[in-house]
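Residue numbers (our numbering): 572 to 800.
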């Protein structure tokens with residue numbers, strides 16, 4: 572329950588601040604943690620451009636922490652993704668909004684649940700994404716990180732991708748200032764996280780770390796791609 576409360580507290584604060592300080596166009600993206608629609612799309616573009624993601628073979632994806640469904644909209648438009656999309660989101664209001672927004676999309680499924688507790692049965696996804704679900708500070712951060720990556724690996728056929736904030740760059744970048752509920756934002760030691768991946772997961776073929784660059788400058792936003800085949 573503590574974990575859920577932390578997540579709810581962050582997004583409630585973020586949403587209230589977003590309504591006061593950003594345009595209606597950016598509200599959808601800022602309320603879930605991005606600084607703007609442009610920033611969100613830059614992150615989506617980076618996380619879907621890994622060399623081992625073969626979008627001609629990816630027909631079934633999982634989005635852990637699907638927010639308001641912006642990633643699905645990006646995939647349909649920018650990647651011409653026409654396959655099945657499953658989003659798991661812990662916040663009920665976000666899920667209800669996404670279900671309403673994408674009610675026309677028969678290949679989308681938004682689930683209100685905690686990813687770590689949800690039973691996927693025998694479902695296997697070609698590729699899984701976590702674009703922020705590990706970005707809220709938790710009292711048992713490492714153990715929850717491990718549980719998340721293990722479960723993502725177990726239900727992913729080809730691989731998975733994770734977004735993290737790089738702890739070594741976080742305070743040196745304006746992103747720390749822009750994230751108003753900053754006391755709730757998690758930043759990771761990327762080198763240590765990669766070591767955890769290697770020690771906890773089996774049958775990994777390749778791990779690639781890609782920092783997001785804006786105007787030629789590396790930001791704290793970092794993407795870790797895990798290729799299983």
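Beta carbons are placed, not taken as given, at the ideal position from N, Cα and C, and that holds for glycine.
For residue i, which residues in the same chain have their Cβ closer than 6 angstroms to its Cβ, ignoring the five residues on either side in sequence?
i, result
"residue 779", "796"
Looking at the structure shown, is residue i part of a helix, part of a strand, or coil, going by DSSP?
i, result
"residue 738", "helix"
"residue 614", "helix"
"residue 793", "strand"
"residue 728", "strand"
"residue 664", "helix"
"residue 627", "coil"
"residue 619", "coil"
"residue 782", "strand"
"residue 637", "coil"
Near residue i, what residues of its chain come up, given a Cβ to Cβ distance below 8 angstroms and the 5 sequence neighbours on each side ignored?
i, result
"residue 535", "Because the chain spans 572 through 800 in this model, residue 535 falls outside it and cannot be assessed."
Let me confirm a value: residue i is counted as buried when at least 16 other C-beta atoms fall within 10 Å, else exposed. Which label applies?
i, result
"residue 692", "exposed"
"residue 684", "exposed"
"residue 637", "buried"
"residue 625", "exposed"
"residue 549", "Because the chain in this structure spans residues 572 to 800, residue 549 falls outside the shown range and cannot be described."
"residue 708", "exposed"
"residue 724", "buried"
Pop quiz: residue i and residue j are said to be a contact at Cβ under 8 angstroms. What is the actual Cβ separation, rounded to whole angstroms?
i, j, result
"residue 702", "residue 728", "Going by Cβ atoms, the distance from residue 702 to residue 728 rounds to 19 angstroms, so no, they are not a contact pair."
"residue 699", "residue 726", "7 angstroms"
"residue 792", "residue 614", "6 angstroms"
"residue 629", "residue 697", "4 angstroms"
"residue 667", "residue 722", "Rounded, the Cβ-Cβ distance is 25 angstroms, inconsistent with contact."
Ignore the nearest five residues each way along the sequence and tell me which others in residue i's own chain have a CB closer than 7 angstroms to its CB.
i, result
"residue 612", "645"
(Q) With three or more C-beta pairs closer than 8 angstroms as the rule, is the segment 715-734 touching the segment 604-624? (A) Segments in contact, yes.
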